[in-house]
Amino acid sequence: MTRLDGEWLLTGAAGQIGGILRTGLRPVVPGLRLLDIKPLTAESPNERVYSLDLQDLPGLTEAMAGVQGVIHLAGIADEADFRDLTEVNIVGTYHVFEAARRASVARVIFASSNHVTGYYPTTVPVVPDMPVRPDGFYGVSKVAGEAVARLYADKFGLEVACLRIGSCRPRPTEPRHRHTWLSPRDATAAFVAAMSTPDLTYATFYGVSANQLGWWDREAGRAIGYHPSDRAEDHLGGATWEPATDEVQGGVLATAAYTLDRQRPIRTSAIGPNERNR
791 MTRLDGEWLL TGAAGQIGGI LRTGLRPVVP GLRLLDIKPL TAESPNERVY SLDLQDLPGL
851 TEAMAGVQGV IHLAGIADEA DFRDLTEVNI VGTYHVFEAA RRASVARVIF ASSNHVTGYY
911 PTTVPVVPDM PVRPDGFYGV SKVAGEAVAR LYADKFGLEV ACLRIGSCRP RPTEPRHRHT
971 WLSPRDATAA FVAAMSTPDL TYATFYGVSA NQLGWWDREA GRAIGYHPSD RAEDHLGGAT
1031 WEPATDEVQG GVLATAAYTL DRQRPIRTSA IGPNERNR
């Protein structure tokens, strides 16, 4: 197994993927700094816990002092009100990259999402350098995060990888997962590849297992050393699902109702129509 030098900081360590990486990275790095707004407890001698909000830029900078790299998972992981996604996923991601710059962190791995290209038809194979087509405001927030990541790579010299995560689950649970499933073991392997690949400047790749079916390019992942081991077909539990019949790759997240149902009413000011356009 790959063994890295130096401590790494993991934001969103209390989340689902955070828990997977917390376990998977223990034998990979000599120290893990676990950061989340939710309560956490250190479970091994090489773990340190930080209770911080992504809006706390000075606190983030202090927590990153001396680390080799950062894995940024924290944020809202589903469709939500646009204003909440802006504050948490966009402003929060800016704070993570700016804290990394201030703390002289060498490398940041940004947990992006397949939903940045979720509006491509299921008949179209997608490679990372194609134009983005987000399938909702959550996807928009991840597009913005990738733009922030690219800026910090180009302008400030951070080594950056954006990992567009598929459907990370213990096992596939719906037909779409035959195309998008990412096993916990392969999730760890994808992040380790991004953490350890040499001569990284900026890279974007899809985090997906070695499923028979798929919509997303795998060559970009192979180029940085990601070689998945699991296949959705081996974990269907006897189910005989046909391939997904969705018109676009984002599935239910791409429907208008899924986005509109999660928006809060916008309060308008009590001014007359003649004053509004002044």
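When the letters of the sequence shown are read in order and numbered with my numbering, they come out as residues 791 to 1068.
We put the CB at the ideal spot given by N, CA and C, even for glycine.
DSSP, reduced to helix, strand and coil, places Arg823 within a strand of the structure shown. Counting only runs of 3+ residues, the beta strand (DSSP E) found wholly inside the region 930 to 988 occupies 949 to 955, in chain order. Three or more pairs of CB atoms, one per stretch, sit closer than 8 Å, so the region 948 to 963 contacts the region 975 to 995. Distances from the CA of His1017 to each of Gly997, Ala1029 and Ser957 were compared; the closest alpha carbon is that of Gly997. If you compare the alpha carbons of Gly1015, Arg1008, Arg959 and Pro962 with that of Val982, the shortest gap goes to Gly1015. For the alpha helix (DSSP H) assignment, the uninterrupted runs of no fewer than 4 residues enclosed by the region 874 to 929 are, from N- to C-terminal side, 882 to 892. Here Ala855 is exposed. Its C-beta has fewer than 16 other C-beta atoms within 10 Å. Taking the C-beta atoms as reference points, Lys932 is found no nearer than 8 Å to His967. In terms of CA proximity to Thr801, Lys828 leads the group Arg816, Asp1024, Thr792 and Lys828. Judged by DSSP in its simplified three-state form, Thr994 adopts strand.
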